[in-house]
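Asker: In my numbering, the protein residues as written are 2 to 430. For reference, the structure I am asking about is given below.
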Amino acid sequence: MRGGEPITFVALGASNTVRGGCQQWQSPSKCSTPKYCDLTEDGNPHGWLLQAFTAINRTWPHPQHRLVNHAMMATGPEAFVRCLNKYVPVEADAVLLSFADMCAPIRDDKQPETVEETARASYGVALEAIIRRLNQQADPPAILFFNVFLWTNFWHCRGLCHFSQSCDPYLGELAHFYHASRVGMREALWHEAHDEAHELPRETRISTGSPAHTRRYEWEGWTIEGGRHLDLGNGDKLAAELLFYWARRVYEHAVPRAAPDMRVVGWLSEGGLRSKGAASRAEGAASCFSFDDNFGGLVAAPRVVAARGWRYVELDSASAVGPERLKRKPGYKASKVDAVLEVDTLSSGPHQVSVGFLRTYSSQAVVRLSCLAPCRCVPSSLSAHSDATTSTTVFSSALAVESPASKNCHIELRLLSEGVFKFNGLQIF
Numbered sequence: 002m003r004g005g006e007p008i009t010f011v012a013l014g015a016s017n018t019v020r021g022g023c024q025q026w027q028s029p030s031k032c033s034t035p036k037y038c039d040l041t042e043d044g045n046p047h048g049w050l051l052q053a054f055t056a057i058n059r060t061w062p063h064p065q066h067r068l069v070n071h072a073m074m075a076t077g078p079e080a081f082v083r084c085l086n087k088y089v090p091v092e093a094d095a096v097l098l099s100f101a102d103m104c105a106p107i108r109d110d111k112q113p114e115t116v117e118e119t120a121r122a123s124y125g126v127a128l129e130a131i132i133r134r135l136n137q138q139a140d141p142p143a144i145l146f147f148n149v150f151l152w153t154n155f156w157h158c159r160g161l162c163h164f165s166q167s168c169d170p171y172l173g174e175l176a177h178f179y180h181a182s183r184v185g186m187r188e189a190l191w192h193e194a195h196d197e198a199h200e201l202p203r204e205t206r207i208s209t210g211s212p213a214h215t216r217r218y219e220w221e222g223w224t225i226e227g228g229r230h231l232d233l234g235n236g237d238k239l240a241a242e243l244l245f246y247w248a249r250r251v252y253e254h255a256v257p258r259a260a261p262d263m264r265v266v267g268w269l270s271e272g273g274l275r276s277k278g279a280a281s282r283a284e285g286a287a288s289c290f291s292f293d294d295n296f297g298g299l300v301a302a303p304r305v306v307a308a309r310g311w312r313y314v315e316l317d318s319a320s321a322v323g324p325e326r327l328k329r330k331p332g333y334k335a336s337k338v339d340a341v342l343e344v345d346t347l348s349s350g351p352h353q354v355s356v357g358f359l360r361t362y363s364s365q366a367v368v369r370l371s372c373l374a375p376c377r378c379v380p381s382s383l384s385a386h387s388d389a390t391t392s393t394t395v396f397s398s399a400l401a402v403e404s405p406a407s408k409n410c411h412i413e414l415r416l417l418s419e420g421v422f423k424f425n426g427l428q429i430f
């Protein structure tokens with residue numbers, strides 16, 4: 002921007018990032034729906050990413066500035082790391098990573114994770130692998146962690162607990178270690194959005210006339226669904242302003258901070274490297290399939306050969322509170338024991354497979370993942386249950402398979418127990 006050149010700004014993340022909106026060229030991606038992209042009375046779009054990008058283009062205009070939003074609903078960094086070449090174009094100048102507070106336990110009876118535990122978990126390992134892959138490029142992009150922060154109250158907690166039960170500590174460590182940037186809505190709005198009165202239920206605060214209820218930045222006034230998502234009237238503006246001022250600060254900085262040389266820099270978490278090494282070293286060029294969004298043909302849907310007792314659905318229930326009871330969560334769904342889904346991996350010879358599926362607190366379903374002859378593998382079981390109250394797409398551990406060079410490997414998902422199981426993605430590497 003300093004030299005008057007166009008920029009390519011890429012966003013990866015989950016539902017809050019989808020709600021950031023995208024430019025018209027990305028239609029018909031989910032981020033291009035009218036509720037995120039239509040203009041308001043003040044001439045700004047609803048989506049916070051699109052608002053910030055519009056302000057950037059207004060301040061440093063160029064007809065070829067490009068916003069690329071490749072976020073997916075209810076999806077963590079594990080879905081992106083093996084296929085990073087699909088989601089981040091090589092010409093990217095900046096990459097925003099915003100997966101909300103998906104690394105943190107959400108149920109208030111859970112003990113908070115330590116930073117070390119987060120770093121060793123699949124979320125932490127995948128996020129660090131994405132950073133390292135981006136920094137290995139010949140011209141690495143600027144990296145920004147944008148954490149929305151889960152504003153849902155933990156009634157027994159005070160400020161420290163709210164901080165430790167968020168992704169903020171780990172993102173701060175990553176940003177410092179890899180010379181990246183971090184913007185957290187917790188730091189920006191904590192003292193305006195939270196005080197001891199917020200430890201009381203909302204109804205109590207209204208009935209007693211608590212001053213907290215009238216505070217300008219009370220989180221219930223700019224979020225929806227229990228604080229999990231930014232609303233499209235106030236929260237989007239707050240996030241857009243924070244993102245724009247980060248861009249301005251980067252522009253005004255005399256010398257950009259150089260990314261560290263990945264040839265000499267070790268991993269932040271050596272424990273994570275040892276326990277998740279194969280996933281951590283993913284080259285970012287796997288074959289990835291998803292029902293969520295094809296992003297203009299970049300990502301194809303998995304090839305389902307046969308579905309007995311499974312059905313394809315576009316909309317599904319969400320665990321959120323509020324008016325949005327159904328959300329677009331496409332995939333194949335089963336609920337009866339012995340339901341069978343056959344999927345073509347479109348690959349032959351020795352390779353590895355990882356299955357994407359929805360984990361939710363409400364389901365105890367278990368599926369058996371196996372290979373169909375002549376393809377060979379050691380079967381494994383996948384559980385749809387999660388302790389978190391939100392539904393999230395996760396990917397199974399790598400399954401080593403082998404098939405004749407002349408025949409694609411077919412895998413089978415067989416429901417073993419009562420409950421709902423949803424298959425929504427596939428990675429081959």
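For every residue, glycine included, the Cβ atom is placed at its ideal position computed from N, Cα and C.
Enumerate in chain order the residues of its own chain whose CB-to-CB distance from Arg275 is below 7 Å, with the five nearest sequence positions on each side excluded.
Answerer: Caution is warranted here: a pLDDT of 42 is assigned to Arg275, below 50, making its placement in the model unreliable, and the coordinate value is therefore given only provisionally. Within the same chain, Arg275 has no close Cβ partners at all.
Asker: Out of curiosity, what's the CA-to-CA distance linking Pro351 and Pro141?
Answerer: For Pro351 and Pro141, the distance between alpha carbons rounds to 33 Å.
Asker: May I ask you to verify whether the region 54 to 74 touches the region 352 to 369, counting CB pairs closer than 8 Å and requiring at least 3?
Answerer: As far as the Cβ criterion goes, the region 54 to 74 does not touch the region 352 to 369, which means the pair count is below three.
Asker: Classify Leu128 as buried or exposed, calling it buried when 16 or more other Cβ atoms lie within 10 Å of its own Cβ.
Answerer: Leu128 should be labelled buried.
Asker: Select from Cys378, Val379, Leu383, Leu417 the residue whose C-alpha is nearest the C-alpha of Val338.
Answerer: Ranking the options by Cα distance to Val338, first place goes to Leu417.
Asker: Does the structure place the region 83 to 102 close enough to the region 404 to 421 that three or more beta carbon pairs sit under 8 Å?
Answerer: At 8 Å Cβ cutoff, the stretches do not touch.
Asker: Within 10 angstroms of its Cβ, does Ala139 collect 16 or more other Cβ (buried), or is it exposed?
Answerer: Ala139 comes out exposed.
Asker: By Cβ distance below 6 Å, which residues in the same chain neighbour Ser355 in space, the five residues on each side in sequence not counted?
Answerer: Counting only Cβ-Cβ distances below 6 Å, and skipping sequence neighbours, we find Phe396, Ser397, Ala399, Gln428.
Asker: Tell me whether the beta-carbon of Leu85 lies closer than 8 Å to the beta-carbon of Leu68.
Answerer: No, these two residues do not count as a Cβ contact at 8 Å.
Asker: Identify every run of the beta strand (DSSP E) within the region 304 to 366, keeping only runs that are complete inside it and at least 3 residues long; order them along the chain.
Answerer: Whole beta strand (DSSP E) segments, 3+ residues: 304 to 309, 311 to 318, 327 to 335, 341 to 345, 352 to 360.
Asker: Pull up the DSSP beta-bridge partners for Arg415, would you.
Answerer: In DSSP, Arg415 forms a bridge with Val341, Arg369.
Asker: Per the DSSP calculation, Glu221 is bridged to which residue(s)?
Answerer: The partner list for Glu221 (beta bridge, DSSP) is empty, contrary to what the question assumes.
Asker: Which residue's Cα is closest to the Cα of Pro261: His254, Ala181, Ser384?
Answerer: Nearest of His254, Ala181, Ser384 to Pro261, Cα basis: Ala181.
Asker: Buried or exposed: which applies to Val379, given that a residue is buried once 16 or more other Cβ atoms fall within 10 Å of its Cβ?
Answerer: That one is exposed.
Asker: Keeping to the same chain, check which residues put their C-beta closer than 6 Å to that of Gln365; ignore five residues upstream and five downstream.
Answerer: Contacts found: His386, Gly420.
Asker: For His386, which of helix, strand or coil comes out of DSSP?
Answerer: The answer is strand: DSSP assigns His386 an E or B state.
Asker: For Lys423, name the three-state secondary structure that DSSP assigns.
Answerer: DSSP places Lys423 in strand when its eight states are reduced to three.
Asker: Take Glu343 and list the residues in its own chain whose beta-carbon comes closer than 6 Å to its own, dropping the five residues that flank it on each side.
Answerer: So the list reads Val306, Ala307, His411, Glu413, once near-sequence residues are dropped.
Asker: Please report the distance separating the alpha-carbon of Arg309 from that of Asp345.
Answerer: One C-alpha to the other measures close to 15 Å.
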